[in-house]
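Report on the structure given below.
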């Protein structure tokens, strides 16, 4: 009898203390729950980022994008070598060069381009709808034209410089202007030597010169000469970008970075839901940059930037409503 009792006691020891066993099960259950919770909190979506090479610009956009996308989406920078291995995840590129690198490295990548013009991205987006899209960086020329008119209300004739290759940039604008009481004339620049003589003729025609994002005419090599020639003839230049206002253009509309990033976030949400991007689009909000020193030098009363932007928005809204009727 004693021998049997000892056997039972030893078997109980092998089974262990019931209290310790329960505690161990609780710890195991807690670990499993923690693992599941961490998996749920981990980013469920991944977006890859190909920068422009301008470190301050890239880091600024990364910070804005992370804030816009939130913790559920991981934004990961990738090198050119890593681009070829990406599958099924969207890629944000910054600038034309970054887009070209990404496109060459991976033809199947779903690319959302930022800081690119419509003229650059349109053909890619048309050939690969849903796979290639963009938040457009350039400003619609009708908005730029109305920016000039908001500053010079009496203006009704606009001068345009173009080359044979870029003249088509202005054709939609010429069709739109009559609805706003304006017209435009294109002056063709046949060669580099003819730039300034052609510019002088254009300035003699128009109430102001409207500059488009046409790098053949408006570039770091030519812009100083264009602006000085206009200034000496008491004429203003509108556009082509915010950067040129600092160089001497009187004003330019531009899309603020937060607005572009918000649109990029919306495009990415659509991609994750449907597997395709919307077509390239402009942001809905634009602001105005002005050069007050140029305005003072030319004795031009300059409304506030907010007032100019409001006038432009009002004109576009009124005309848009009229066109819909």
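Numbering (mature numbering (1 follows the signal peptide of the UniProt record, and there is no 0)), first residue to last: -39 to -1, 1 to 286. All residues carry an ideal CB built from backbone N, CA and C; glycine is no exception. Here the structure is a predicted model, which is why all the values come from computation and not from measurement.
| query | result |
| --- | --- |
| What distance in whole Å lies between the Cβ atoms of residue 9 and residue 298, which are believed to be in contact at a cut-off of 8 Å? | For the chain, the structure presents residues -39 to 286; residue 298 sits outside this window and is missing. |
| In terms of residues, what are the limits of the beta strand (DSSP E) holding residue 75? | 71 to 77 |
| Using a Cβ-Cβ cut-off of 7 Å (strictly less than) and excluding sequence neighbours within five positions of residue 60, which residues of its own chain qualify? | 54, 72, 74 and 77 |
| Pull up the CB-CB distance for residue 210 and residue 249, whole angstroms please, since I reckon it's below 8 Å. | Not quite, the Cβ-Cβ distance comes to about 12 Å (not below 8 Å), so this is no contact. |
| Measure the C-alpha to C-alpha separation of residue 117 and residue 137 and round it to an integer number of angstroms. | 13 Å |
| Could you tell me the distance, in whole angstroms, from the CA atom of residue 120 to the CA atom of residue 172? | 9 Å |
| Counting beta carbon pairs with one atom in the stretch 32 to 44 and one in the stretch 10 to 17, are three or more of them shorter than 8 Å? | yes |
| How big is the Cα-Cα spacing for residue 258 and residue 148? | 27 Å |
| By DSSP, does residue 231 sit in helix, in strand, or in coil? | helix |
| From residue 104 to residue 252, what does the alpha carbon distance come to, in whole angstroms? | 18 Å |
| Closest by CA to residue 247, which one among 208, 184, 153 and 107? | 107 |
| Is the CB-CB distance between residue 112 and residue 263 below 9 Å? | yes |
| By alpha-carbon positions, which one of 254, 50 and 133 ends up nearest to residue 34? | 50 |
| Report back the beta-carbon spacing between residue 196 and residue 156 to the nearest angstrom; my notes put them in contact at under 8 Å. | Not quite, the Cβ-Cβ distance comes to about 15 Å (not below 8 Å), so this is no contact. |
| Determine the direct distance from the alpha carbon of residue 27 to that of residue 176, and round the result to whole angstroms. | 32 Å |
| To which residues does DSSP link residue 38 through a beta bridge? | 10 |
| Rounding to the nearest angstrom, what Cα-Cα distance links residue 82 and residue 43 in this structure? | 23 Å |
| Here's a check: name, in chain order, each residue in its chain whose Cβ is nearer than 6 Å to the Cβ of residue 231, leaving out the five neighbours to either side. | 239 |
| Indicate the three-state DSSP secondary structure (helix, strand or coil) for residue 210 in the structure shown. | coil |
| Mark residue 212 as exposed unless 16 or more other C-beta atoms lie within 10 angstroms of its C-beta, in which case mark it buried. | buried |
| State yes or no: is the C-beta of residue 244 within less than 9 Å of the C-beta of residue 79? | no |
| Rounded to whole angstroms, how far is the Cβ of residue 221 from the Cβ of residue 96, which I believe are closer than 8 Å? | 5 Å |
| Suppose the cutoff is 8 Å on Cβ atoms and the five residues either side in sequence are ignored; what does the same chain contact list for residue 143 look like? | 106, 110, 116, 117, 118 and 119 |
| So is residue 189 buried or exposed if we call it buried at 16+ other beta carbons inside 10 Å? | exposed |
| So, under 8 Å CB-CB, residue 45 and residue 58 are touching, yes? Tell me the CB distance rounded to an integer number of Å. | About 17 Å; that fails the 8 Å criterion. |
| Residue range of the beta strand (DSSP E) that residue 119 falls in? | 118 to 123 |
| Sort out for me which residues DSSP pairs residue 289 with in a bridge. | Since the first residue of the chain shown is -39 and the last is 286, residue 289 is not available in this structure. |
| For the beta strand (DSSP E) holding residue 51, just list the boundary residues, first then last. | 51 to 55 |
| In chain order, what residues of the same chain have a beta carbon less than 8 Å from the beta carbon of residue -39, not counting five sequence neighbours either side? | Residue placement at residue -39 is poorly supported in this model, since its pLDDT is 45, which falls under 50; the coordinates still yield a value, given next. None. |
| Since residue 16 is in the alpha helix (DSSP H), which residue starts that stretch and which ends it? | 16 to 30 |
| Once the 5 residues before and after residue 127 are set aside, which same chain residues still bring their CB inside 8 Å of it? | 173, 175, 177 and 178 |
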